Amino acid sequence: MGMFSLSAMLVAALIAIAIMSLFGDNALFMSGLLQGAWLTVQITLLGSLLAVIMATTAALFRLYGAPPLRWLAVTYVEFFRGTSALVQLFWLFFVLPLFGISMDPFSVGVLGLGLNIGAYGAEVVRGAVQGVHRGQWEATTALNMTRWQALKRIILPQAFVAMIPPWGNLFIELLKSTALVSLITMSDLTFRAKTINDTTMQTIPIFTLALLTYLVMSLTITIGMRWLERASLRGMVRGRGR
Amino acid sequence: MSADIWSWSYTLEILPILANAAIVTIEATLISFVIALVLGLVLAVLRMSGAVIGWFASAFVELVRSTPLLIQIFFIFFVLPRFGITLDAFTAGIIALSLHYGCYCSEVYRAGLEAVPRGQWEACTALNFSSWNTFKNIILPQAIPPIVPALGNYLVALFKDTPLLSAIAVAELVQTAKNLGSENFRYNEPMTIVGLTFLVLSLVSAAGIRWLEQRLNRRSVR
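If you're matching them up, the sequences are chains H and G in order. Using our numbering, the letters of the first sequence correspond one by one to residues 1 to 242. Using our numbering, the letters of the second sequence correspond one by one to residues 1 to 222.
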């Protein structure tokens, strides 16, 4: 969808929340949901940060690391992409304490989701780095740059542009996976919706408001990433249009 | 020491129970995926058809893709009964999964349909084909093979999302593992077995998709 339609949907969702809050107890529900939403935002931000770090490390290990590092990266990616995110969270939460490692639910949520999305991101980073034209590497050799200098100054900045749209999708994926932490006792947006529903039984407004709140958050991410993409393309001369 | 962490007799005892639960998981996956494939195609066609309907279909896809599956499952399970539609947990879960993945599949179909060269449509007009005939016999057979891998990825993704059904107490793998864990105070064995089952089944289906992809590429001459 275009930037205009996305912005229109964002405004419409915000207006719908505002109008719904005028009726009955909805304003009360909304303030409860917003407390949960703040936790959702925190987990999303920290998880995204961890995911980006893990993805970049794993991709670079896989591309340029010594064989043991390469195998480590491949195992990490295949393991976290091959098993269910919820099973990973349950495993970190229920099984790891048996080996003497206990973490609070917040850390489990950030770690589990960050590692999970990081594994998907590793393939995105790898694809983007490999997508940089070969001639760029050759030019850095001609200019006598070290491999690290070439990567840092020439290759990664160009790969960065190609990574933005798929990372946008992954951040939304992560935002949506945060709903899973409600199942390991964290009171995020989904958990709040469920508990408020259990006590008040006002199912329709509560879940509608929760859905709208998620919609607002993911549209914000989509619009933000589109903006970032546009900003980083500025001044870049490429074959395909701007 | 190691006997404390992992008990083989307990493992043998719970294996048949988990195998039964695995059947529920696979059932849910296959039924939802078939519905999602049909729904996705319908949504993709709607999006390409009229301006107004197309916009609504796009907005619907955007809405479903932007909100978490878990809350959609809750929505269908808890909200629909308010409108007089009471569903058992399994059916509600199937509806939620197929709606969610139907929207993802519609994006894949759209990419496939848009990749068919314009000339194919024009040639059909020249040959006086009806639009239904054109779509069924000319466009779809060209649009589907290239998108099989992408659809296959969503099959694996859907499979890995079935544990969410445990939130509305469908007795699939994770729910069963959780129940076994809380009955016996041993989470280690059931959770690990479930994790491994998912890993093995995902890897096997990924290999299957790769094989299918190669077969399809061999057949279509480009």
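In this text, a Cβ means the ideal position worked out from N, Cα and C, and glycines have one as well. From a predicted model like this one, the values you see are computed outputs, not experimental measurements.
Own chain, CB closer than 8 Å to leucine 175 (chain H), minus 5 neighbours either side, in chain order = The residue given as residue 175 (chain H) occupies position 175 in the first sequence. Cβ neighbours of leucine 175 (chain H) beyond the five flanking positions: Thr40, Thr44, Tyr214, Met217, Ser218 and Ile221.
Using a Cβ-Cβ cut-off of less than 9 Å, give me the residues of the stretch 76 to 90 of chain H that come near chain G, in sequence order.
-> Glu78, Phe79, Arg81, Gly82, Thr83, Ser84, Ala85, Leu86, Val87, Gln88 and Phe90
From lysine 160 (chain G) to valine 174 (chain G), what does the alpha carbon distance come to, in whole angstroms?
-> Position 160 of the second sequence, counted from the first residue, corresponds to residue 160 (chain G). Position 174 of the second sequence, counted from the first residue, corresponds to residue 174 (chain G). When rounded, the distance between both Cα atoms is 11 Å.
For leucine 211 (chain H), which residues in chain G fall below 7 Å Cβ to Cβ?
-> By 1-based counting over the first sequence, the position of residue 211 (chain H) is 211. Under the 7 Å cutoff, chain G gives Thr67, Ile71 and Phe75.
If I'm right that alanine 51 (chain H) touches arginine 62 (chain H) with Cβ under 8 Å, what's the distance once you round it to whole angstroms?
-> Counting from one through the first sequence, the residue named residue 51 (chain H) turns up at place 51. Counting from one through the first sequence, the residue named residue 62 (chain H) turns up at place 62. Not a contact, Cβ separation roughly 16 Å.
May I ask which residues mark the beginning and end of the alpha helix (DSSP H) holding threonine 208 (chain H)?
-> As a working note, residue 208 (chain H) is residue 208 in the first sequence. Looking at the DSSP string, the run of the alpha helix (DSSP H) that includes threonine 208 (chain H) is 203 to 233.
Reducing DSSP to helix, strand and coil, say where arginine 186 (chain G) ends up.
-> Along the second sequence, read from residue 1 onward, the residue named residue 186 (chain G) stands at position 186. Looking at arginine 186 (chain G) - three-state DSSP - the assignment turns out to be coil, as it is neither helix nor strand.
Contact between the stretch 182 to 194 of chain G and the stretch 202 to 209 of chain G: three or more CB pairs below 8 Å?
-> no
What is the C-beta distance between leucine 180 (chain G) and isoleucine 14 (chain G), in whole angstroms, given that I count them as a contact (C-beta under 8 Å)?
-> Position 180 of the second sequence, counted from the first residue, corresponds to residue 180 (chain G). Position 14 of the second sequence, counted from the first residue, corresponds to residue 14 (chain G). The Cβ separation is near 5 Å, so the contact holds.
Min CB distance alanine 207 (chain G) to chain H below 8 Å = Looking up residue 207 (chain G) in the second sequence gives position 207. Not closer than 8 Å to any Cβ of chain H, the Cβ of alanine 207 (chain G) fails to qualify, so no.
Hey, out of G:Leu30, G:Ile94, G:Ala19 and G:Tyr104, whose CA is closest to valine 61 (chain G)'s CA?
-> Against the second sequence, residue 61 (chain G) aligns to sequence position 61. Cα-wise, what sits closest to valine 61 (chain G) is G:Tyr104.
Which stretch, first to last residue, makes up the alpha helix (DSSP H) that contains proline 145 (chain G)?
-> One-based indexing of the second sequence puts residue 145 (chain G) at position 145. Run containing proline 145 (chain G): 140 to 161, per the alpha helix (DSSP H) assignment.
Roughly how many whole angstroms lie between the Cα atoms of leucine 37 (chain G) and leucine 70 (chain G)?
-> Locating residue 37 (chain G) in the second sequence gives position 37, counting from the first residue. Locating residue 70 (chain G) in the second sequence gives position 70, counting from the first residue. If I take the Cα positions, the gap works out to 20 Å.
Leaving out five residues on either side along the sequence, give the residues of the same chain with a beta carbon under 6 Å from the beta carbon of glycine 118 (chain H).
-> Working through the first sequence from its first residue, we reach residue 118 (chain H) at position 118. Contacts found: Ala51, Met54 and Ala55.
Which residues in the same chain have their Cβ closer than 6 Å to the Cβ of glycine 40 (chain G), if we skip the five residues on either side of it in sequence?
-> Position 40 of the second sequence holds residue 40 (chain G). Closer than 6 Å at Cβ, skipping near neighbours: Gly102, Cys105, Ser106 and Tyr109.
Are there 16 or more other CB atoms within 10 angstroms of the CB of valine 87 (chain H), so buried, or fewer, so exposed?
-> The residue you call residue 87 (chain H) lines up with position 87 of the first sequence. Taking all protein chains shown into account, valine 87 (chain H) has 16 or more neighbouring C-beta atoms within 10 Å of its C-beta and is therefore buried.
Taking DSSP as the reference, what is the three-state secondary structure of threonine 86 (chain G)?
-> Against the second sequence, residue 86 (chain G) aligns to sequence position 86. Residue state for threonine 86 (chain G) is assigned as coil, using DSSP reduced to three classes.
Would you identify the three-state DSSP class for leucine 22 (chain H), choosing helix, strand or coil?
-> Counting from one through the first sequence, the residue named residue 22 (chain H) turns up at place 22. Three-state result, leucine 22 (chain H): coil.
Can you list, in chain order, the residues of its chain whose CB lies under 7 Å from that of tryptophan 6 (chain G), leaving out five sequence neighbours each side?
-> For the purposes of this step, residue 6 (chain G) is identified with residue 6 of the second sequence, where counting begins at 1. Result list for tryptophan 6 (chain G): Asn188 and Glu189, in chain order.
Pick out the complete beta strand (DSSP E) segments inside the stretch 26 to 54 of chain H, 3 residues or longer, and give them in chain order.
-> none
Under 7 Å by beta carbon: chain G residues contacting asparagine 26 (chain H) | The sequence position of residue 26 (chain H) within the first sequence is 26, counting from 1. Within 7 Å Cβ-Cβ: nothing; asparagine 26 (chain H) doesn't reach chain G, min ~15 Å.
Answer with yes or no whether the minimum CB distance from glycine 181 (chain G) to chain H is below 8 Å.
-> Here residue 181 (chain G) corresponds to residue number 181 of the second sequence, with the count starting at 1. Yes, glycine 181 (chain G) counts as interfacial toward chain H.
Residues of its chain near tyrosine 120 (chain H), where Cβ-Cβ distance is below 7 Å and the 5 sequence neighbours each way are ignored = Residue mapping note: residue 120 (chain H) aligns to position 120 of the first sequence, counting from 1. Cβ within range, chain order: Arg81 and Leu170.
Using beta-carbon positions only, say whether glycine 112 (chain H) and leucine 89 (chain H) come within less than 8 Å of one another.
-> Residue numbering aside, residue 112 (chain H) sits at position 112 when the first sequence is read from its first letter. Residue numbering aside, residue 89 (chain H) sits at position 89 when the first sequence is read from its first letter. Yes.
Going along chain H, which residues have a C-beta under 7 Å from asparagine 188 (chain G)?
-> Within the second sequence, numbered from 1, the residue matching residue 188 (chain G) stands at position 188. Val95 and Leu98, listed in chain order.
Would you call histidine 133 (chain H) buried or exposed, if buried means 16 or more other Cβ atoms sit within 10 Å of its Cβ?
-> The residue you call residue 133 (chain H) lines up with position 133 of the first sequence. Its Cβ having fewer than 16 others within 10 Å, histidine 133 (chain H) is exposed.
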